[in-house]
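Q: Below is a structure I'd like to ask you about.
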Amino acid sequence: MKEFILYVVYYDFFYYFMHRLLHSRYFYPIHKIHHKQLQPQYYDFYNIHILELPISNVGLFFAIYLHRLYMYQFLCAVIFINIRGIMEHDMRFAFLVGNHHLLHHKYFSCNYGGYWLDYIFGTLRTDKINDKLE
Ligand SMILES: [Zn+2]
Ligand SMILES: [Zn+2]
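Here the sequence shown is numbered in our numbering, starting from 18 and rising by one per residue.
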């Protein structure tokens, strides 16, 4: 269980910074594919440029490099990250995972990662959960 949490925390931590990098002038052409939808659907979690895949998963590679790989825990973490990502892109799951990432798709310059990371680094935006995304 410890390794599962570790993998998810590593992923979230690095994803926050990689995501901010993806919003920079030089990397946004890669990331803009993901931002085509202002109101994303669950499948838009996978609607990314091929180069964004290794960039956004740097944290998992880093965790594997630094720690012994526990394959079962790693697979559970990857499955969790994917299910959470799918749910974060669909308003129907907002009652469960909140609208944190949906607000990122609406406003672009906020909510780059996990709630706690956006809180720490001053990029948190919290609108009401039932606000319509238009
Ligand atoms: Zn997204
Ligand atoms: Zn983005």
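The beta carbon of each residue, even a glycine, is placed where N, CA and C say it ideally should be.
If we count the other Cβ atoms within 10 Å of its Cβ and call it buried at 16 or more, is phenylalanine 138 buried or exposed?
A: Residue mapping note: residue 138 aligns to position 121 of the sequence shown, counting from 1. Taking all protein chains in view, the Cβ of phenylalanine 138 is surrounded by fewer than 16 other Cβ atoms within 10 Å, so the residue is classified as exposed.
Q: Can the beta-carbon of leucine 106 be found closer than 8 Å to that of aspartate 61?
A: To locate residue 106, count along the sequence shown from 1; it is residue 89. To locate residue 61, count along the sequence shown from 1; it is residue 44. Reading the sequence as shown, one finds histidine at residue 106 and not leucine. In this structure, aspartate 61 lies closer than 8 Å to histidine 106 by Cβ.
Q: Report yes if the CB atom of glycine 131 is closer than 8 Å to the CB atom of tyrosine 33, and no otherwise.
A: Your numbering for residue 131 matches position 114 in the sequence shown. Your numbering for residue 33 matches position 16 in the sequence shown. Yes, these two residues count as a Cβ contact at 8 Å.
Q: Could you tell me whether any non-hydrogen atom of ligand 1 is closer than 7 Å to the CB of histidine 51?
A: Numbered from 1 along the sequence shown, position 34 holds the residue referred to as residue 51. Checking the Cβ of histidine 51 against ligand 1 gives yes.
Q: Taking 7 Å as the line, does the beta carbon of histidine 106 fall inside it for any heavy atom of ligand 1?
A: Residue numbering aside, residue 106 sits at position 89 when the sequence shown is read from its first letter. Yes, Cβ of histidine 106 sits closer than 7 Å to a heavy atom of ligand 1.
Q: For cysteine 127, which three-state DSSP category applies?
A: On the sequence shown, position 110 is the one that residue 127 refers to. Coil.
Q: Compute the minimum distance between the beta carbon of glutamine 58 and the heavy atoms of ligand 3, and state whether it is under 7 Å.
A: Of the ligands one can find in the structure shown, namely ligand 1 and ligand 2, none is ligand 3.
Q: Need the endpoints of the alpha helix (DSSP H) that aspartate 29 sits in, please.
A: Reading the sequence shown from its first residue, position 12 is the one you call residue 29. Unbroken alpha helix (DSSP H) run through aspartate 29: 19-39.
Q: Go ahead and pull the three-state DSSP assignment for asparagine 90.
A: Residue numbering aside, residue 90 sits at position 73 when the sequence shown is read from its first letter. It should be noted that the sequence gives glutamine, not asparagine, for residue 90. Three-state DSSP puts glutamine 90 in a helix.
Q: Which same chain residues, not among the five before or five after leucine 23, have their C-beta less than 7 Å away from its C-beta?
A: Position 6 of the sequence shown, counted from the start, is the residue given in the question as residue 23. The answer, listed in chain order, is Ala80 and His84.
Q: CA-CA distance, histidine 51 and glutamate 69?
A: The residue labelled residue 51 in the question sits at position 34 within the sequence shown. The residue labelled residue 69 in the question sits at position 52 within the sequence shown. Answer to the nearest angstrom: the Cα atoms are 9 Å apart.
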